[in-house]
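Quick notes on the structure that follows.
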Amino acid sequence: MITKPDQHQLSQVKNLHEELHYHNHRYYVLDDPEIPDSEYDKLLRELQALETQFPELLTSDSPSQRVGAPPLSEFTQVTHLVPMLSLGNAFNETEVLAFEKRLLDRLTNINPDNTITELEYAVEPKLDGLAVSLLYENGILIQGATRGDGETGENITENVRTINSIPLKLSGDNIPQTLEVRGEVYMPKASFEALNNKAREQGEKTFVNPRNAAAGSMRQLDSRITASRNLAMYCYATGRMVGADVPAKHSDALQQLASWGFRICPDSKVVTGAKGCLEYFEEIGSKRDDLSYDIDGVVFKVNSLELQHQLGFVSRAPRWAIAHKFPAQEEMTLLKDVEFQVGRTGALTPVARLEPVFVGGVTVTNATLHNMDEIERKDVRVGDTVIVRRAGDVIPEVARIVPAKRPDNTQKIVMPSQCPVCNSAVEQIDGEAVSRCTGGLVCPAQQKQAIKHFASRKALDIDGLGDKLVEQLFDEKLIENISDLYRLKVEDLIKLERMGEKSAENLIKSLELSKKPTLARFIYSLGIREVGETTAKSLSNHYLSLEAIKEADEENLQEVNDVGPIVASHVVSFFQEDHNNQIIDALFSTGIDPVLPIVVDAKELPLSGNTYVITGTLNKMGRSDAKAQLEALGAKVSGSISKNTTALIAGEKAGSKLTKAESLGVEVLDEEALLKLIKITASDA
Ligand code: IVH
13 MITKPDQHQL SQVKNLHEEL HYHNHRYYVL DDPEIPDSEY DKLLRELQAL ETQFPELLTS
73 DSPSQRVGAP PLSEFTQVTH LVPMLSLGNA FNETEVLAFE KRLLDRLTNI NPDNTITELE
133 YAVEPKLDGL AVSLLYENGI LIQGATRGDG ETGENITENV RTINSIPLKL SGDNIPQTLE
193 VRGEVYMPKA SFEALNNKAR EQGEKTFVNP RNAAAGSMRQ LDSRITASRN LAMYCYATGR
253 MVGADVPAKH SDALQQLASW GFRICPDSKV VTGAKGCLEY FEEIGSKRDD LSYDIDGVVF
313 KVNSLELQHQ LGFVSRAPRW AIAHKFPAQE EMTLLKDVEF QVGRTGALTP VARLEPVFVG
373 GVTVTNATLH NMDEIERKDV RVGDTVIVRR AGDVIPEVAR IVPAKRPDNT QKIVMPSQCP
433 VCNSAVEQID GEAVSRCTGG LVCPAQQKQA IKHFASRKAL DIDGLGDKLV EQLFDEKLIE
493 NISDLYRLKV EDLIKLERMG EKSAENLIKS LELSKKPTLA RFIYSLGIRE VGETTAKSLS
553 NHYLSLEAIK EADEENLQEV NDVGPIVASH VVSFFQEDHN NQIIDALFST GIDPVLPIVV
613 DAKELPLSGN TYVITGTLNK MGRSDAKAQL EALGAKVSGS ISKNTTALIA GEKAGSKLTK
673 AESLGVEVLD EEALLKLIKI TASDA
């Protein structure tokens with residue numbers, strides 16, 4: 013028997029729609045959920061049950077319609093109401109200054125009485141995804157389309173519906189009768205990593221970058237696949253709008269979109285003049301790696317919509333906007349040879365010698381190939397044309413080959429059977445991706461790396477003792493191991509090429525200053541295999557002296573936080589080596605004296621129970637120092653802001669975390685306030 017929904021069921025569906033839309037918006041657009049996921053799922057299941065019972069209640073704007081629909085046989089074509097344009101590019105300061113001059117000149121041409129000498133710009137990250145147009149009639153999403161050739165695109169409505177940050181129904185006031193919104197669909201970096209990890213586990217093909225992954229996911233005829241891909245969208249423009257007031261500025265238009273439920277990039281802002289634009293380019297560039305989404309530059313848009321109208325378009329791009337692009341992070345070049353570099357623990361890393369190529373803002377001649385498994389997976393051979401990637405501060409790597417450009421005479425890359433530096437045998441342990449030189453401390457490469465590690469920032473942080481100088485000192489036979497560093501004299505140093513008296517004196521001073529490391533730093537600096545900063549800290553906190561660590565056996569060591577059987581066996585074998593003990597004794601005899609941590613019950617520390625988040629650039633102390641100091645006073649330092657954060661420490665060029673803190677009403681402290689807090693609190697303690 014066919015039953016009809018009664019009044020109560022009808023209002024139940026209506027309420028569930030409203031509630032689910034509201035919580036979806038809180039979660040995916042505002043990034044500020046109000047209820048736990050389990051509660052959301054419960055509401056969704058309630059709605060789905062009613063929709064199954066009464067299919068006539070299932071509408072296209074139902075919050076249940078995010079899961080995808082049966083596959084299409086092809087995409088239909090859509091003609092855009094207003095053409096989707098592209099942007100002109102600038103690659104340097106001169107081109108940005110020229111852009112502003114063009115604008116001002118044109119405004120004066122249009123109106124000889126023009127008095128504007130400096131323009132206001134809305135500035136935004138240039139998201140690296142896929143441009144999409146969304147069409148709403150009376151507040152309901154009725155169509156989604158790709159940009160295509162700018163005039164006509166593909167109808168991807170079913171796919172668009174699966175993206176949680178795209179409203180299926182608009183909320184708020186003065187909703188226009190017709191609204192076309194543009195923006196970028198992208199795949200967050202974390203989702204991209206997860207997707208590729210899963211593909212790798214299942215032996216499937218991986219995506220090259222988040223943009224390809226987003227584009228590939230949107231091009232699916234089966235929208236259920238799109239639904240599984242964790243895509244997001246930031247909106248950056250209004251296309252056609254009928255039945256609502258057009259604001260005066262682009263930045264207001266974005267706020268208007270946000271008020272209707274669209275997701276707007278939190279890293280956008282308003283600046284003045286080309287100078288403001290260039291500062292923004294630097295600011296976003298410096299935090300590019302920390303952003304949750306991929307970008308390939310920033311976009312500057314004249315903020316006044318009236319001026320935009322006056323400036324108009326040239327060919328297919330607006331005159332009033334420009335993209336300031338970052339240097340490309342991927343370039344193609346020739347792999348000329350592969351050499352093997354020996355690391356501190358003897359691991360042999362294949363390094364590609366390349367035809368020099370300008371990538372990520374620098375000329376790259378060497379790039380890592382990681383290990384033999386990676387070489388095999390990417391099918392790299394000497395003679396191949398390869399794509400080199402250099403993103404941020406990351407070491408350049410060979411990302412992939414270009415199969416179409418492979419010549420006939422490529423050579424397979426083979427792991428040498430002997431260490432290229434000391435000729436000792438190379439061994440590969442079953443189950444490990446790396447091969448190692450068995451020469452241990454007889455191998456000069458391992459000796460040098462051990463000294464570099466000892467002097468590095470996270471270890472004893474010896475100012476002025478960089479990698480190059482370690483190489484020089486070692487090659488000149490002035491040092492053989494870390495304890496020799498403390499026997500160096502100004503007279504020895506000034507004999508070195510490019511070493512002045514002042515630098516020599518400074519280095520001796522820094523060595524002297526490094527003699528009282530914390531026990532944790534000292535343990536880390538010894539370079540015991542698998543003992544990173546955190547494990548070193550745990551060992552130090554647990555044993556409180558180097559002697560006690562030396563005496564511990566494998567079983568005892570495993571009582572320490574994050575020490576498992578492998579780490580324990582490395583620690584024991586390190587202290588079984590006479591050579592290592594001799595070096596440690598020699599270090600102590602030169603006056604090295606690790607400082608023991610002060611043991612205080614964490615609950616009694618002055619900042620116990622407080623959680624801080626640090627963002628932006630701190631000028632007087634590094635972020636890691638600030639973290640260490642706060643932790644020493646009992647505070648927790650977290651990576652993300654929530655309502656429970658005590659305060660955000662915002663240095664210069666703080667970005668989205670600052671916006672989030674402000675929106676959550678979390679206290680914000682600048683560097684001065686942080687210094688005061690540390691000082692005052694420390695004196696209380
Ligand atoms: S505005 C009329 N803003 O860049 C101006 N575009 O070359 C239209 N893009 O395909 C674009 N982030 O997908 C604009 N904040 C942003 C953007 C952005 C990325 C892409 C867009 C378009 C391309 C233009």
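So the sequence shown is numbered by our numbering: it starts at 13 and just counts up by one. Backbone N, C-alpha and C fix where the C-beta goes; we use that ideal spot for every residue, glycine too.
Exercise. Going by the C-beta, is R194 closer than 8 Å to any heavy atom of ligand 1?
Worked result: yes
Problem set entry | Limits of the unbroken beta strand (DSSP E) element including E192 | T190 to Y198
For this session: Mark L525 as exposed unless 16 or more other C-beta atoms lie within 10 angstroms of its C-beta, in which case mark it buried.
Result: exposed
Problem set entry | Same chain, Cβ closer than 7 Å to E643, neighbours up to 5 away in sequence not counted | V649
Exercise. Within 8 Å: the Cβ of M96 and any heavy atom of ligand 1?
Worked result: yes
For this session: Run the proximity test for A143: is its beta-carbon closer than 8 Å to any non-hydrogen atom belonging to ligand 1?
Result: yes
Problem set entry | Check: Y292 C-beta below 8 Å from any heavy atom of ligand 1 | no
Exercise. Using DSSP with H/G/I as helix, E/B as strand and the rest coil, what is E130?
Worked result: coil
Problem set entry | Beta bridge counterpart(s) of Q353 as assigned by DSSP | T361
Exercise. Going by Cα to Cα distance, which pick from E616, I152, T169 and Y498 is closest to T158?
Worked result: T169
Exercise. For Q65, does the three-state DSSP call read helix, strand or coil?
Worked result: helix
Exercise. In whole angstroms, what separates the C-alpha of I187 from that of Q267?
Worked result: 13 Å
For this session: Helix, strand or coil for E488, going by three-state DSSP, please let me know.
Result: coil
Exercise. First and last residue of the alpha helix (DSSP H) that includes Q588?
Worked result: P577 to Q588
Problem set entry | As assigned by DSSP and simplified to three states, the class of C449 | strand
Exercise. Nearest to R448 by CA position, among K514, V371, Q353 and T380, is which residue?
Worked result: Q353
For this session: State yes or no: is the C-beta of A662 within less than 9 Å of the C-beta of L670?
Result: yes
Exercise. Alpha carbon to alpha carbon, how far is V392 from I413?
Worked result: 6 Å
Exercise. Where do the N-terminal and C-terminal ends of the beta strand (DSSP E) with N518 fall, by residue?
Worked result: Note, N518: premise wrong, no beta strand (DSSP E); alpha helix (DSSP H) at E513 to L525.
Problem set entry | Secondary structure of A532, DSSP reduced to three states | helix
Exercise. What does P179 pair with, by DSSP beta-bridge criteria?
Worked result: According to DSSP, which records beta bridges pairwise, P179 is partnered with nothing at all.
For this session: Starting from E216, follow the beta strand (DSSP E) in both directions and report where the run begins and ends.
Result: Note, E216: premise wrong, no beta strand (DSSP E); not H, not E.
Problem set entry | Same chain only: Cβ atoms within 8 Å of L531, ignoring 5 sequence neighbours per side | S552, L556, S557, L558, P606, V607, L608 and P609
Exercise. Would you say L93 touches ligand 1, meaning its beta carbon is less than 8 Å from a heavy atom?
Worked result: no
Exercise. Roughly how far, in whole angstroms, is the beta-carbon of S145 from the beta-carbon of R194, given that I think they are within contact range, below 8 Å?
Worked result: 5 Å
Exercise. If G355 sits next to Q461, beta carbons under 8 Å apart, how far is it from one beta carbon to the other, in whole angstroms?
Worked result: 6 Å
For this session: Measure the CB-CB distance between F312 and V135 and report whether it falls below 9 Å.
Result: yes
Problem set entry | Pick from Y498, G452, Q440 and V438 that is closest to A467, judged by C-alpha positions | Y498
For this session: Measure the C-alpha to C-alpha separation of G628 and K521 and round it to an integer number of angstroms.
Result: 31 Å
Exercise. What three-state label does DSSP hand M344 in the structure shown?
Worked result: strand
For this session: Confirm the yes/no value for this check: CB of C277, any heavy atom of ligand 1, distance under 8 Å.
Result: yes
Exercise. If you count every other CB in all the chains shown that lies within 10 Å of the CB of H29, and 16 or more means buried, which is it?
Worked result: buried
Exercise. So, do the region 245-252 and the region 111-131 have three or more beta carbon pairs nearer to each other than 8 Å?
Worked result: no
Exercise. Quick one: is the Cβ of V311 within less than 8 Å of any heavy atom of ligand 1?
Worked result: yes
Exercise. Under the rule that 16 or more other beta-carbon atoms within 10 Å means buried, what is Q232, buried or exposed?
Worked result: buried
Exercise. Less than 8 Å between the CB of D442 and some heavy atom of ligand 1, yes or no?
Worked result: no
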